[in-house]
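Written out below as structure tokens is the structure these notes cover.
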Amino acid sequence: MKNVHVIDHPVIQTKLTELRDFATDHRKFRALLNEIASLMVYEVTRDWPTRPRPIQTPLERMTGEVLANQVTLVPILRAGLGMADGVLRMLPDARLGHLGVYRDEKTLEPVSYYQKLPPDIAASEVLLIDPMLATGGSGSAAVSCLKKAGVLHMKFICLVAVPEGIQLFHSHHPEVPIYCAAIDRELNEHGYILPGIGDAGDRLFGT
Ligand code: PRP
Ligand code: URA
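Just so you know, we're using the numbering used here here: the sequence shown kicks off at 1338 and counts up by one.
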């Protein structure tokens, strides 16, 4: 699939399998979700530009490389919060924006209810995070909010996606890359991903 990156690293796959397991409680689920998010950062940021930075080592002067642009992390509430600490562990200088989107249980349409973004977000590299890309409605609505805020460079990171969600997301935003740890089979009649991980927010927060 175009502009979709499946990060099938064996360590990530091991953690994803543990996380999917129904026997995994919310404490372990939280830990695994953050660990996977941390590991995914390496692959997601691989093509980010760097700029030279002169430093003094204990022995001599040299010019190293550091990330060129400011980074803003934007979790989609609620479940995206479950990946935020993991990403911040790797990118501790990142700022955090928040987008509240839930999907209506009956229509499965996204409902946006909250938005708080750094005022100068347009100039930064944005990582939009949410564990699930199901119908694709929530992710797509979140990208539209970011575009309205002027964001030019963004990537969408999720744990599990399905082909129909990827298709809808890319029908609106073909230029936004999707990074995931797995592409699952399909959605059931209630819009849940099969085999999936269940309701990510409920498993994360114990609701
Ligand atoms: C979940 C998930 C995504 C959305 C994906 O959120 O975290 O945001 O569903 O589904 P979609 O691709 O069909 O839009 P949910 O609506 O359950 O809200 P919550 O995180 O507040 O529980
Ligand atoms: N949202 C979830 O949390 N899980 C799914 O399987 C689909 C949407």
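C-beta: ideal position from N, C-alpha, C; glycine also.
Please read these numbers as outputs of a predicted model, since none were measured by experiment.
- Closest option to ARG1440, judged by alpha-carbon separation, among ALA1519, ALA1537 and LEU1541: ALA1537.
- Taking a contact as a CB-CB distance under 8 Å, the pair VAL1378 and LEU1454 does not count as one, their CB atoms being some 20 Å apart.
- In this structure, the CA atom of VAL1341 is about 15 Å from the CA atom of ILE1466.
- Within the DSSP bridge table, the entry for SER1449 names VAL1438 as partners.
- Membership of LYS1492 in the beta strand (DSSP E) is indicated by the continuous run 1490-1494.
- The beta carbons of THR1472 and GLY1502 sit closer together than 8 Å.
- The Cβ-Cβ distance between TYR1450 and GLY1437 falls below 8 Å.
- The three-state secondary structure of ARG1432, taken from DSSP, is strand.
- Around the ligand PRP, the residues selected by a Cβ distance under 7 Å to any of its heavy atoms are ILE1413, LEU1414, ARG1415, ALA1416, GLY1417, VAL1438, TYR1439, ARG1440, LEU1445, PRO1447, ASP1467, PRO1468, MET1469, LEU1470, ALA1471, THR1472, GLY1473, GLY1474, SER1475, GLY1476, GLY1502, GLY1528, ASP1536, ALA1537, GLY1538 and ASP1539, following chain order.
- Proximity to VAL1411 across HIS1346, HIS1527 and GLN1452 peaks at GLN1452, based on C-alpha coordinates.
- C-alpha of THR1382 to C-alpha of LEU1414: approximately 22 Å in a straight line.
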